[in-house]
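Input: a single structure, listed below in structure tokens.
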Amino acid sequence: MPDLTPDALRAAVARITPSRIPALTQHLFEATTNAQQAQSLAPLRAFIHSWAVFIAIERHPERAARLRELERIVDTAEEDPTTAIDEIQQIRKTAEAEAGL
Numbered sequence: 402m403p404d405l406t407p408d409a410l411r412a413a414v415a416r417i418t419p420s421r422i423p424a425l426t427q428h429l430f431e432a433t434t435n436a437q438q439a440q441s442l443a444p445l446r447a448f449i450h451s452w453a454v455f456i457a458i459e460r461h462p463e464r465a466a467r468l469r470e471l472e473r474i475v476d477t478a479e480e481d482p483t484t485a486i487d488e489i490q491q492i493r494k495t496a497e498a499e500a501g502l
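Numbering (this note's numbering), first residue to last: 402 to 502.
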């Protein structure tokens, strides 16, 4: 896991999923703007949290694929999403622990 700084997270995203760099950049811009307007670090903390979890998940391709499948199940409502939601929560909880959050 990278350090929990914008630069380290950006470098990790560039290695793991370079196509997501524009989304990370936009999110960082919005977080910075919101932090200035609110005079609070909360938007920047949310940015760090979100991208650290993303990296913790995406660095394990099988975990990332499983998460996408579970999200598809929830989005399409083709079956009861309860089990899928529980597993999504567990994947995110594991990723948060790996990221040190």
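For glycine and all other residues, C-beta sits at the position ideal for the given N, C-alpha and C. Model, not experiment: these values are computed from the prediction.
Pop quiz: residue i and residue j are said to be a contact at Cβ under 8 Å. What is the actual Cβ separation, rounded to whole angstroms?
i    : j    : result
A457 : I474 : Not really, about 21 Å apart at Cβ, beyond 8 Å.
A344 : A466 : In the structure displayed, the chain extends from 402 to 502; residue 344 sits before or after that span and is not available.
Under a Cβ-count criterion, where at least 16 other Cβ atoms within 10 Å of its own Cβ denotes burial, should residue i be classed as buried or exposed?
i    : result
I449 : buried
F430 : exposed
P423 : exposed
P444 : buried
Less than 8 Å between the C-beta atoms of residue i and residue j, yes or no?
i    : j    : result
L425 : R411 : yes
T418 : E459 : yes
Identify the continuous alpha helix (DSSP H) that holds residue i and give its terminal residues.
i    : result
D476 : P462 to T477
S451 : A443 to E459
E480 : Counting along the chain, E480 falls outside any alpha helix (DSSP H), and DSSP gives it neither H nor E.
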